[in-house]
Ligand SMILES: Nc1ncnc2c1ncn2[C@@H]1O[C@H](COP(=O)(O)OP(=O)(O)O)[C@@H](O)[C@H]1O
Ligand SMILES: [Mg+2]
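Below you can see the structure in the form of structure tokens.
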């Protein structure tokens, strides 16, 4: 019931705009009804238990009074014995009933304990394996060799035979349609999924042999869904085991071009976000998320379509700032906007998990392939205001 209610609350605007109140109310009533039925069963079992135990208590009194009186009348026992026996009996009843209740509680507790233990004892699938090296720092050279990868439950490979090398301090841009495997490649570099052995090398170490802590502390990552926590903006930016000075937080915010936006908020950097606080616009969230990555002094930085929700002027500004910063860092930029990536040292075009084109912006334009097509499309975009005759309101660019 709790998770249903939570889902309703977070999806309330979708429910309202699609006039689904009745439907959702029906679902809630059904769930509630099922919950009531289960509880009724529990109450039934409980009342049966209580009445049965009280019945037995009453019966034992009855027996002891009838049988005891006969014994007293026959003078087998004294009246004192009879009274004493009955007093003891009444003293015993409460503890015996309690034993029943305790057994009941123990059973319920055991069931809950089993469930919690099941969760707690689950081993993470991705952890440091045998043969892990003890390196604590990374320079930032990335080599990907014949990398193919398939998600556990899917039939198709998400990546096929990817080979690319990114020397330290250079940039790689990845473009491609939605679902072409761009985020998957990044997930593997962060080891959010395990790549096959001998397919990704960082500074000549197989990524599977690099301690996870070293790997992840060496990569600053701006994810595709700009997740922010329900805490202050400052805490969201300085989200790292290392402590940061306020000035460093401000600097990162300036570099991500979100400083002005934050300064206009009621409590500036202390403004609370999330359920109990304020929500930011998509573009602001994205830039806070970029600031979170920029503050981290890591040798590798990854942007997964991280400039999609900002306008092209802000984008250019951010990119110019980044370019100076990224000179010292190995960077991977995923984007479907060519303008974002044309300065990259090398560009790969992914299609259905394969690299179909590679080169620099100029060499790719000469190839007259998919990249060129995307480029031409984007320079002539914004010319299709209606969809099947229906007016559509494009709030945000589609993300891939
Ligand atoms: N966690 C997952 N489990 C199974 N399949 C996935 C998962 N994530 C992505 N995929 C599939 O892998 C392919 C590549 O996805 P993705 O890397 O997210 O593409 P892109 O970032 O280029 O849009 C898609 O076909 C997608 O459906
Ligand atoms: Mg993606």
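Residue numbers (this note's numbering): 8 to 407.
C-beta atoms are modelled at their ideal positions from N, C-alpha and C, and glycine is treated no differently.
Within the same chain, and ignoring the five residues on either side of residue 372 in sequence, the residues whose Cβ sits closer than 8 Å to its Cβ are 378, 379 and 382.
C-alpha of residue 100 to C-alpha of residue 61: approximately 9 Å in a straight line.
One Cα belongs to residue 186, the other to residue 359, and the distance between them is close to 7 Å. The Cβ atoms of residue 218 and residue 141 lie closer than 9 Å to each other. Beta-carbon to beta-carbon, residue 235 and residue 280 are separated by about 5 Å, close enough to satisfy the 8 Å threshold. Rounded to whole angstroms, the separation of the alpha carbons of residue 286 and residue 172 is 40 Å. Under the criterion of beta carbons closer than 8 Å, residue 341 and residue 193 qualify as touching, at roughly 7 Å.
Going by beta carbons, residue 76 and residue 92 fall outside the 9 Å limit. Secondary structure of residue 289 (DSSP, three-state): helix. Distances from the CA of residue 309 to each of 133, 385 and 222 were compared; the closest alpha carbon is that of 222. Within the model, the alpha-carbon separation for residue 98 versus residue 239 is close to 59 Å. Leaving aside the five residues that flank residue 198 on each side, the residues in its chain whose CB is nearer than 7 Å to its CB run, in chain order, 133, 214, 219 and 222.
In this chain, residue 215 is not harboured by any alpha helix (DSSP H), its DSSP state being neither H nor E.
Its Cα nearest to that of residue 209, the residue 174 stands out among 174, 184, 242 and 241.
Note that the C-beta distance between residue 245 and residue 231 is not below 9 Å. If you measure from each CB to the nearest heavy atom of ligand 1, the residues under 5 Å come out as 158, 161, 165, 185, 186, 187, 188, 189, 190, 191 and 407.
For residue 257, the enclosing alpha helix (DSSP H) covers residues 253-262.
The segment 175-185 makes no contact with the segment 246-266; the number of CB pairs closer than 8 Å stays below 3. Rounded to the nearest whole angstrom, the C-alpha separation of residue 263 and residue 32 is 43 Å. Residue 9 sits in a helix when the DSSP states are folded into three classes.
Closest in alpha carbon position to residue 96, among 113, 112, 71 and 225, is 71.
By the neighbour-count criterion, in which 16 or more other beta carbons inside 10 Å mark a residue as buried, residue 353 falls on the buried side. The criterion of a C-beta distance shorter than 9 Å is not satisfied by residue 293 and residue 345.
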